[in-house]
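Engineer: The structure under discussion is supplied below as structure tokens; questions concerning it will follow.
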Ligand code: SF4
Ligand code: MG
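Numbering (our numbering), first residue to last: 162 to 479.
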């Protein structure tokens with residue numbers, strides 16, 4: 162009998178630098194986006210996902226430039242349309258790690274319909290929202306997450322609409338992994354992104370992102386809190402348990418969603434970050450494979466589709 166040694170400490174194959182693109186980055190100095198992109202690259206290196214097995218898609222906005230700066234497949238899509246595009250990418254090649262990114266205006270405003278329906282579908286990909294309370298790329302108009310009565314420096318008057326609570330909406334929509342991170346804590350954020358990618362199902366990661374150019378309310382100093390009392394705290398350090406153990410138990414699901422909902426309204430003196438809710442439920446990917454078992458072997462992108470006669474299909478459709 163020949164027994165091979167078990168190697169526990171394989172040398173790392175991919176480094177953080179392997180996920181970086183060497184092109185000019187035109188985000189403003191001090192923008193929270195730098196922390197988010199660093200966290201994505203750290204997470205991918207930690208997971209050792211080869212760059213050619215990653216697809217990063219974006220909507221329109223400052224965050225929309227993210228795919229340009231990451232060494233992976235990328236698609237800079239239309240305003241509010243990153244989620245249907247990511248859905249298509251994942252269905253076309255379910256073996257890829259798909260990451261959708263976009264701003265709060267892009268995802269919770271213009272793409273709000275997609276935001277809802279992506280949650281209930283539970284396709285296996287990650288959605289990261291750069292939430293800064295403004296439309297940064299178009300000079301700082303209030304976005305859907307800015308609360309009534311607030312006025313940032315580029316607004317002539319205070320907002321006269323309520324802000325949306327994205328975590329509460331995500332709970333209702335059916336997302337099976339819901340978390341919130343902070344752009345200026347990339348190490349913690351990288352851990353959340355890693356968990357979101359590893360989660361099987363649609364993961365929403367709302368990231369509190371500073372926009373020093375247009376949002377003079379939610380600044381680094383504001384998030385840091387007053388002396389002696391940090392505004393941002395980590396749920397996992399408080400004994401908070403986000404995980405549903407028995408997904409057939411509706412009472413447990415409701416209890417876990419209720420505690421997440423309560424936490425989602427905690428905003429002001431204290432703001433929780435971390436995983437709010439997680440449940441392991443059947444995915445859209447599973448349903449597709451059940452209907453088309455060939456997908457277990459090959460993704461749609463790998464299947465041979467040349468010389469297929471589609472005429473019978475059109476005839477059947479009348
Ligand atoms: Fe970042 Fe705001 Fe500048 Fe856009 S406008 S790059 S969000 S600081
Ligand atoms: Mg924004």
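Built from N, CA and C at the ideal position, the CB exists for glycine as well.
Using a Cβ-Cβ cut-off of 6 Å (strictly less than) and excluding sequence neighbours within five positions of residue 293, which residues of its own chain qualify?
Structural biologist: Residue 293 sits at position 132 when you count from the first residue of the chain shown. Closer than 6 Å at the Cβ level, and outside the excluded window around residue 293, lie 370, 372 and 376.
Engineer: From which residue to which residue does the beta strand (DSSP E) around residue 339 run?
Structural biologist: The residue you call residue 339 lines up with position 178 of the chain shown. That run of the beta strand (DSSP E) goes 338 to 343.
Engineer: If I follow the unbroken beta strand (DSSP E) through residue 385, where does it start and stop?
Structural biologist: As a working mapping, residue 385 is identified with position 224 in the chain shown. No beta strand (DSSP E) contains residue 385, which is instead part of the alpha helix (DSSP H) from 381 to 385.
Engineer: Are residue 219 and residue 228 touching if we call contact CB-CB under 8 Å?
Structural biologist: The count along the chain shown starts at 1 and reaches residue 219 at position 58. The count along the chain shown starts at 1 and reaches residue 228 at position 67. Yes, these two residues count as a Cβ contact at 8 Å.
Engineer: So which of 231, 289, 257 and 209 has the shortest CA-CA distance to residue 244?
Structural biologist: Reading the chain shown from its first residue, position 83 is the one you call residue 244. It is 289 whose Cα lies nearest to the Cα of residue 244.
Engineer: Does the distance between the C-beta of residue 222 and the nearest non-hydrogen atom of ligand 2 fall short of 7 Å?
Structural biologist: Numbered from its first residue, the chain shown carries residue 222 at position 61. Indeed, a heavy atom of ligand 2 lies less than 7 Å from the Cβ.
Engineer: How would you call residue 257, buried or exposed, if buried means at least 16 neighbouring beta carbons within 10 angstroms?
Structural biologist: Counting from 1 along the chain shown, the entry for residue 257 is found at position 96. The residue in question, residue 257, is buried, as its Cβ has 16 or more Cβ neighbours within 10 Å.
Engineer: Taking one C-beta from the region 383 to 397 and one from the region 311 to 331 each time, how about it: are there three or more such pairs within less than 8 Å?
Structural biologist: Flag = no, the region 383 to 397 and the region 311 to 331 do not touch.
Engineer: Keeping to the same chain, check which residues put their C-beta closer than 7 Å to that of residue 446; ignore five residues upstream and five downstream.
Structural biologist: Numbered from 1 along the chain shown, position 285 holds the residue referred to as residue 446. These residues qualify, in order along the chain: 255, 284 and 285.
Engineer: Counting only runs that start and end within the region 192 to 277, where is the beta strand (DSSP E) found for 3 or more residues in a row?
Structural biologist: Fully enclosed beta strand (DSSP E) runs of 3 or longer: 215 to 219, 234 to 237 and 258 to 264.
Engineer: Under 7 Å from any heavy atom of ligand 2, does the C-beta of residue 324 make it?
Structural biologist: Within the chain shown, the letter at position 163 stands for residue 324. Answer for residue 324: no, Cβ out of range of ligand 2.
Engineer: In chain order, what residues of the same chain lie with their CB nearer than 7 Å to the CB of residue 133, ignoring the 5 residues before and after it?
Structural biologist: Because residue 133 is not part of the residues shown, which for the chain are 162 to 479, the question remains open.
Engineer: Tell me, please, which residues DSSP counts as bridged to residue 303.
Structural biologist: If you number the chain shown from 1, residue 303 lands on position 142. Looking at the DSSP assignment, residue 303 forms a beta bridge with 295.
Engineer: Mind checking who residue 438 pairs with in its DSSP beta bridge?
Structural biologist: Your numbering for residue 438 matches position 277 in the chain shown. According to DSSP, residue 438 bridges with 339.
Engineer: Please determine whether the Cβ atom of residue 177 lies at a distance below 7 Å from any heavy atom of ligand 2.
Structural biologist: For the purposes of this step, residue 177 is taken as residue 16 along the chain shown, with counting starting at 1. Flag unset: Cβ of residue 177 not near ligand 2.
Engineer: Can you find the residues in the same chain that come closer than 6 Å, C-beta to C-beta, to residue 425, ignoring five residues on each side of it along the sequence?
Structural biologist: Numbered from its first residue, the chain shown carries residue 425 at position 264. Excluding sequence neighbours, residue 425 sits near 326, 328 and 329.
Engineer: Over the uninterrupted alpha helix (DSSP H) stretch that includes residue 412, give me the two end residues.
Structural biologist: The residue labelled residue 412 in the question sits at position 251 within the chain shown. Element bounds for residue 412: 411 to 425.
Engineer: Using CA atoms only, rank isn't needed, just tell me which of 441, 205 and 365 is closest to residue 410.
Structural biologist: Taking the first residue of the chain shown as 1, we reach residue 410 at position 249. If we check each option's Cα against that of residue 410, 441 comes out closest.
Engineer: Taking the alpha carbon of residue 347 as the reference point, which residue from 238, 192 and 201 has its own alpha carbon closest?
Structural biologist: Within the chain shown, the letter at position 186 stands for residue 347. Looking at the Cα atoms, 201 is the closest of the given residues.
Engineer: Apart from the five residues just before and just after residue 235, which ones in its own chain have a Cβ nearer than 6 Å to its Cβ?
Structural biologist: In the chain shown, counting from the first residue as 1, residue 235 sits at position 74. Contacts found: 217 and 228.
Engineer: Measuring straight from C-alpha to C-alpha, what distance separates residue 355 and residue 473?
Structural biologist: Locating residue 355 in the chain shown gives position 194, where the first residue counts as 1. Locating residue 473 in the chain shown gives position 312, where the first residue counts as 1. Those two C-alpha atoms are separated by around 45 Å.
Engineer: In terms of DSSP beta bridges, what is residue 190 paired with?
Structural biologist: Start at 1 with the first residue of the chain shown, and residue 190 comes out as number 29. According to DSSP, residue 190 bridges with nothing at all.
Engineer: Name the one or two DSSP bridge partners that residue 433 has.
Structural biologist: Here the question's residue 433 lines up with position 272 in the chain shown. Answer is 394, bridged to residue 433.
Engineer: How about residue 311 and residue 340: are their beta carbons less than 8 Å apart?
Structural biologist: The sequence position of residue 311 within the chain shown is 150, counting from 1. The sequence position of residue 340 within the chain shown is 179, counting from 1. No, they are not a contact pair.
Engineer: Which word fits residue 459, buried or exposed, when buried means at least 16 other C-beta atoms lie within 10 angstroms of its C-beta?
Structural biologist: Looking up residue 459 in the chain shown gives position 298. Its Cβ having fewer than 16 others within 10 Å, residue 459 is exposed.
Engineer: In terms of residues, what are the limits of the alpha helix (DSSP H) holding residue 350?
Structural biologist: As a working mapping, residue 350 is identified with position 189 in the chain shown. Looking at the DSSP string, the run of the alpha helix (DSSP H) that includes residue 350 is 347 to 359.
Engineer: At which residues does the beta strand (DSSP E) containing residue 308 begin and terminate?
Structural biologist: Residue mapping note: residue 308 aligns to position 147 of the chain shown, counting from 1. First-last for residue 308: undefined, no H or E at that position.
Engineer: Going by the C-beta, is residue 295 closer than 7 Å to any heavy atom of ligand 2?
Structural biologist: On the chain shown, position 134 is the one that residue 295 refers to. At least one heavy atom of ligand 2 is nearer than 7 Å to the Cβ of residue 295, so yes.
Engineer: Say yes only if the C-beta of residue 367 is nearer than 7 Å to one or more non-hydrogen atoms of ligand 1, and no if none qualify.
Structural biologist: Within the chain shown, residue 367 is the residue found at index 206, counting from 1. It does not: the Cβ of residue 367 is nowhere closer than 7 Å to a heavy atom of ligand 1.
Engineer: According to DSSP, simplified to helix, strand and coil, what is residue 405?
Structural biologist: As a position in the chain shown, residue 405 is number 244, starting the count at 1. If DSSP states are grouped into helix, strand and coil, residue 405 belongs with coil.
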